[in-house]
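**Student:**
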Amino acid sequence: MCWPCLEVAPVTLFSLVKKNLIGNARSYLLYFISLVLSVMIYFTFVSLMYSPEIEATMELADSIRNVFFGASIVLILFVAVFIWYSNGFFTRRRKKEVGLYALLGIRKRTIGLLLFYENLLMGAAALAAGVLLGTLLSKMFAMIFLKLLDSAVEVSFRFSGTAIVNTVIVFMALILLVSVRAYRLVYRFQLAQLFQADKEGEHAPRTSLVAALAAAALLAGSYWIVFQPMTTSEQMGRNGLLFLIGLIAGTYLLFRSGIMKLLQLAQRNKARYYSGMNLVAVSQLAYRMKGNTRTLSMIALLSAMALSAVSTGYIMYTDNGRAAEEAAPFSYSWVSRSELDAKAAALIEADKSHPVTAKAQIPVLRVVGDVSKLVYIPSAFPAAEMPMKLISASAYTDAVNALGERSQLSELQRDEAAIIRPRYTSDLSSADFVGRTIDWRGKDAAAAAPRTEVRVTQLLEEHVLRWGYPDLALVVSDETFAAMSKASPPLTYMVYNIENERKTGTMAKALLAMAEEDDEMSPFYTPYREGLENGGLNLFILGFLGLVFLAATGSIIYFKQLAEAHADRERYAVLRKIGVSRQEIRRAIAKQTRFIFALPLLVGIAHSAMFLKVLDNVNLIAGSWSIAFAMAAYMMIYAVYYGITVASVNRIVNGTAS
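Here it is in structure tokens:
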């Protein structure tokens, strides 16, 4: 076979290409828009990846180039699958047309060139439009990204030649690949096969009660796993793997057999089944489910992934302030050292734009304890030799007051202690700590040294020390703390609170520069800025990826329904001849299409809610309420796709489309 691009095609061929593209513009529109959107977002990622202004803005997060590069790879892999699938739809639709060309005596090579140039021109147009839109909107996208990072850096309009070349090479490779595939269509089928393309039926899938029950069991088991405690890394890994395996297998079996069983039950309800056009709608769904199994399963899982990703990114971004306060409760804190104390205090108090609102000293004892009776046991340390921190009741109360909070600490006896809730244990209740005993010895004491035992009487929510792993801190009575201090002198943490601590980047850098590693210098700005950058980056990338996934999956359903509509056109013509009105046919189409759109969406929403629950259980996110926002946006956009699909299918099967 000769390479098609090397032949100079006749003018008449290009006239036919132009006529076909214009004539099929309505069918190609959603594919074209989805492709333009994909090109634009890929170009945006690459442009930001090479932007020196964006790179300079990122103070603490990992290399922005690596993150955008990874997102670009994910995007292009998905777009490749989408383009391949969509191109398959268009070529299947045009088999009869190709057969007619062959019957009229047009050479196979000429027919192949016709299809090749159609795909090439449409892809090139989408590529040009996507790059143009991406270039025009690049400044706006950069400003949105910088707004998420709370950055005041001015962004100039830049023409990124590197990004354009990168985008053109990647997408032209994909476009050439599918164009060659279209070129080979006429060589892959006999003439009779091309003319019978619309009549290729699908056998109603064989249903299995065992498979349907297995789907229910796998999905129920996966959802059950979500509500089980995951307090160790082993539990998290095992439960997470079982959850994903059960979810994927259960979803496939649900669409393969479970839905068919539900449709069969609907057929047994004779009164409803034979009412109006229900017989046609349900029969058509049952007839087509075999061909829709993989498509709907994939879309349900992709919808779950997109919803989960967008919701997770939004939660992590909006929850950053609270997370930073847990990691660093005070604006500045460090382990007291006379030389450092004087320099740091002078520097902090000289900053008139961030006046000091409170300061305190927190003496802390470091001990090694036995926490085997607790529900929460940090991994990587033996339960009988767990590093812990002790704070006196009076010092804890003073520190909480310095934070502007009211201490909830109750009076403690010598053999009692309160535990400060360890970070990432929001799923544990007071009952998981209160009433249990802990004993300890001094950190530097011999293993056989006498141990002090206390009973936990209270769970405290207010953190006063910078976060460190393992995060176990006890508040003990002043008498107990004083007795322990005689054997092992405590470390003293100097803590300061200031106004507008989220804008202290310069001061944070200065304090970190003057401190040594053992000083444990901990500005609030460090975890706050790092979380803001990572959260903003994730939200920006995941939001755009979710948009592409949504547009592509909606288009896939649209193309699938159009392919089935062309195949069913003659069947609906028969219905009209026996007296079924066009309005009744339209209602039947709307019911079938609603089922096909709603099913993967509802399954995806349910899966996403469970996945967010998993992340909540392992404390990677706090709460999953934002799924409601993502779900509403998803449903609104799917509703638009649904309306377009119903209108397009109705034009085809109701005799108003050629």
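In our numbering, the protein residues as written are 25 to 682. Quick reminder that beta carbons are idealized off the backbone N, C-alpha and C, glycines included.
#1: Let's test the definition: count the other Cβ atoms within 10 Å of the Cβ of Ala76 and tell me whether it reaches 16, buried, or not, exposed.
#2: Is DSSP giving Ser360 helix, strand or coil here?
#3: Is the beta carbon of Tyr420 sitting closer than 7 Å to the one on Val499?
#4: Select from Trp108, Phe102 and Thr68 the residue whose C-alpha is nearest the C-alpha of Arg89.
#5: What residue does the alpha helix (DSSP H) around Asp439 start on, and which one ends it?
#6: Which residue or residues does DSSP assign as beta-bridge partners of Ala497?
#7: Report yes if the CB atom of Val359 is closer than 7 Å to the CB atom of Glu544, and no otherwise.
#8: Does the Cβ-Cβ distance between Ser632 and Ser203 come in under 7 Å?
#9: Report the start-end ranges of each alpha helix (DSSP H) in the stretch 268-327 that is 4 residues or longer and not cut off at the edges.
#10: Hey, Ala575 and Ser96: beta-carbon distance below 7 Å or not?
#11: Could you tell me the distance, in whole angstroms, from the CA atom of Arg390 to the CA atom of Thr159?
#12: What is the rounded straight-line gap between the Cα of Leu278 and the Cα of Ser501?
#13: Apart from the five residues just before and just after Asp456, which ones in its own chain have a Cβ nearer than 6 Å to its Cβ?
#14: Given a threshold of 16 other Cβ atoms within 10 Å of its Cβ, counted over all protein chains shown, does Met518 qualify as buried or as exposed?
#15: Can you tell me where the alpha helix (DSSP H) with Pro387 in it begins and where it stops?
#16: Go ahead and pull the three-state DSSP assignment for Ile620.
#17: Looking at Val380: is its Cβ nearer than 7 Å to the Cβ of Ile522?
#18: Could you tell me which of Glu409, Leu170, Met412 and Glu435 sits nearest to Gln482, measuring between CA atoms?
#19: Going straight from the alpha carbon of Arg50 to that of Val122, what length do you get?
#20: Which residues does DSSP list as the beta-bridge partners of Tyr520?
#21: If you compare alpha carbons, which of Ser175, Met412 and Gly559 is closest to Ala348?
#22: Which of the three DSSP states, helix, strand or coil, is assigned to Thr481?
#23: Can you list, in chain order, the residues of its chain with a C-beta nearer than 7 Å to that of Leu326? Leave out the 5 residues immediately preceding and following it.
#24: Within a Cβ cutoff of 8 Å, which residues of the same chain sit near Tyr109, ignoring the five residues on either side of it in sequence?
#25: Counting Cβ pairs, one atom from each stretch, are 3 or more of them under 8 Å apart for the stretch 231-241 and the stretch 138-153?
#26: Any idea what DSSP makes of Trp491, helix, strand or coil?
#27: Less than 7 Å between the C-beta atoms of Met73 and Phe92, yes or no?
**Tutor:** If we stick to the structure as given:
#1: Looking at the sequence itself, residue 76 is Pro, so the reference to Ala does not match. Pro76 should be labelled exposed.
#2: In the three-state DSSP reduction, Ser360 falls in the coil class, being neither helix nor strand.
#3: Cβ distance < 7 Å, so Tyr420 and Val499 count as in contact.
#4: Of the listed residues, the one whose Cα sits closest to Arg89 is Thr68.
#5: First-last for Asp439: undefined, no H or E at that position.
#6: According to DSSP, Ala497 bridges with Lys413 and Ile444.
#7: Cβ atoms of Val359 and Glu544: closer than 7 Å.
#8: Not a contact, by the Cβ cut-off of 7 Å.
#9: Correct list: 283-292 and 294-297.
#10: Result no, Cβ atoms of Ala575 and Ser96 do not sit closer than 7 Å.
#11: Approximately 57 Å between the Cα atoms of the pair.
#12: About 59 Å.
#13: Closer than 6 Å at Cβ, skipping near neighbours: Val399.
#14: Label assigned to Met518: buried.
#15: Not the alpha helix (DSSP H): Pro387 falls in the beta strand (DSSP E), residues Val380 to Asp394.
#16: In the structure shown, the three-state DSSP call for Ile620 is helix.
#17: Against a cut-off of 7 Å, the Cβ pair of Ile522 and Val380 comes out as a contact.
#18: Taking only the C-alpha atoms, the option nearest Gln482 is Glu435.
#19: In this model, Arg50 and Val122 are separated by some 20 Å (Cα to Cα).
#20: Answer by DSSP bridge pairing, in chain order: Tyr356 and Lys383.
#21: It is Gly559.
#22: Under the three-state reduction of DSSP, Thr481 is assigned to strand.
#23: Closer than 7 Å at the Cβ level, and outside the excluded window around Leu326, lie Phe573 and Thr577.
#24: Here the set comprises Ile580 and Phe583.
#25: Under the three-pair Cβ rule at 8 Å, the stretch 231-241 does not count as touching the stretch 138-153.
#26: Trp491: coil per DSSP, three-state reduction.
#27: The answer is yes: Cβ separation under 7 Å.
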